[in-house]
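Final position of the sequence shown in this note's numbering is 270; the numbers increase by one with none missing.
Reviewing the structure listed below.
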Amino acid sequence: MNAAKTGNFQQLGQLQRVAIAEAQFLPGEILLDRPQQHYLSRVLRLKEGDRFIAMDGQGQWWLAQLSPNPEFATVLESIPVQTELPVPVRLILALPKNGWDEVVRQTTELGVTTLVPVLSDRTVLNPSPNKLDRWRRIAREAAEQSERQIIPTILDLVTFRDYLALPEKPPNRYICVTRTEAPHLLAQVLASQQSPAGLQLGPLEIAVGPEGGWTPAEEEQAIASGFQPVSLGSRILRAVTAPAVALSLVAAALEINPNPTQGVLP
């Protein structure tokens with residue numbers, strides 16, 4: 005990064021981040037859509053020559069400057085940055101009755117890579133495709149706000165049993181359980197890091213249940229699919245609290261004792 009052009013990271017931190025789709029990047033400039041034009045000029049009150057950070061949601065940032073034509077911004081230079089966890093984290097989440105918007109927002113802020121909404125035996129919510137679009141928009145906005153390099157992927161809704169039947173079996177899979185003897189999630193992640201193979205180092209998968217938790221049959225099927233039962237502590241957490249707690253524990257372990265990444269989950 006050219007310090008003469010961009011200044012220091014503290015100055016960059018004052019600039020607004022805007023997620024830009026790949027098709028909007030043109031040679032040396034960005035084609036801004038109408039909502040982005042409105043946001044930059046009307047909401048943020050930026051004018052010609054003002055700068056912002058364009059992020060492609062796939063790991064890259066660029067310093068951009070508004071052009072005389074409000075439909076375009078000039079790309080000044082790329083910005084090297086590292087804000088992601090050293091290991092990709094996929095959360096498999098049984099849909100709660102309420103509060104999914106906040107779950108998406110919080111887990112995005114905490115560093116989740118992929119969110120998999122699943123229907124479990126005790127799930128009562130069956131969202132429409134419009135809900136999925138809304139959750140993806142919330143993830144994009146939360147990624148911008150929390151200075152993420154990537155925008156988390158939110159997969160289409162699937163039943164938990166169908167997800168377990170998929171052929172992909174990452175090496176590090178944990179299912180959060182309650183009212184049973186199980187090692188703490190934090191202890192398991194730290195122990196995996198300290199083993200000769202580290203975390204493999206592949207992606208982590210964490211499954212969090214709905215109100216009432218997973219059924220015994222679901223837990224048995226998950227264990228048969230390679231998931232290890234873990235606890236989030238001695239207290240019973242709400243279905244909308246547990247995902248943030250699980251990701252906070254994993255993020256703390258990974259950022260205090262990072263390891264190189266091998267492989268990325270979509």
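From the three backbone atoms N, C-alpha and C, an ideal C-beta is built for every residue, glycine too.
Predicted model only: the values in this text are computed from it and were never measured.
- DSSP lists L208 as the beta-bridge partner residues of N176.
- A Cβ-Cβ contact shorter than 8 Å links P156 with L119.
- When secondary structure is reduced to three states using DSSP, Q41 falls in the helix class.
- For L168, the CB contacts under 7 Å within the same chain, skipping 5 residues up- and downstream, are Q225, A226 and S229 in chain order.
- The residue from A255, Q232, E259 and T219 with its alpha-carbon nearest to that of A98 is T219.
- Rounded to the nearest angstrom, the Cβ distance from V234 to L189 is 4 Å, consistent with a contact under 8 Å.
- For V122, the beta-bridge partners assigned by DSSP are A98 and V162.
- When the Cα atoms are used, S252 and L114 turn out to be separated by approximately 7 Å.
- C-alpha of A58 to C-alpha of S82: approximately 9 Å in a straight line.
- Take N261, set aside five residues on each side of it, and the residues of its chain with a beta-carbon closer than 6 Å to its own are Q197, in chain order.
- In the DSSP assignment, A143 falls within the unbroken alpha helix (DSSP H) covering P133 to Q149.
- Approximately 27 Å separates the beta-carbon atoms of A146 and T182; this is outside 8 Å, ruling out the contact.
- Here R126 has P214 and G216 as same chain residues with Cβ atoms under 6 Å from its own Cβ, once five neighbours each way along the sequence are excluded.
- Take L123, set aside five residues on each side of it, and the residues of its chain with a beta-carbon closer than 6 Å to its own are T163, in chain order.
- In terms of Cβ geometry, Q64 and R55 do not form a close pair [threshold 8 Å].
- When only Cα atoms are considered, G32 and L67 end up about 11 Å apart.
- When secondary structure is reduced to three states using DSSP, T184 falls in the coil class, being assigned neither helix nor strand.
- For Q86, no alpha helix (DSSP H) run applies, since DSSP gives it neither H nor E.
- Nearest C-alpha to R144 among A27, L80 and Q62: Q62.
- Contact between L44 and F76 is ruled out by a C-beta separation of about 11 Å, above the 8 Å threshold.
- If you check the CB distance, L89 and C180 do not come in under 8 Å.
- Around the Cβ of L258, a 10 Å sphere holds 16 or more other Cβ atoms; the residue is buried.
- The beta carbon of V108 is closer than 6 Å to those of W139, I142 and A143 in its chain, skipping five residues each way along the sequence.
- R94 is classed as buried because its beta carbon has at least 16 other beta carbons within 10 Å across all chains shown.
- Taking the CA atoms as reference points, A25 sits about 14 Å from Q153.
- With distances taken between CA atoms, K173 lies nearest to P207 out of P207, T184 and E223.
- For the set V85, E223 and T184, the Cα lying nearest the Cα of D60 is the one of V85.
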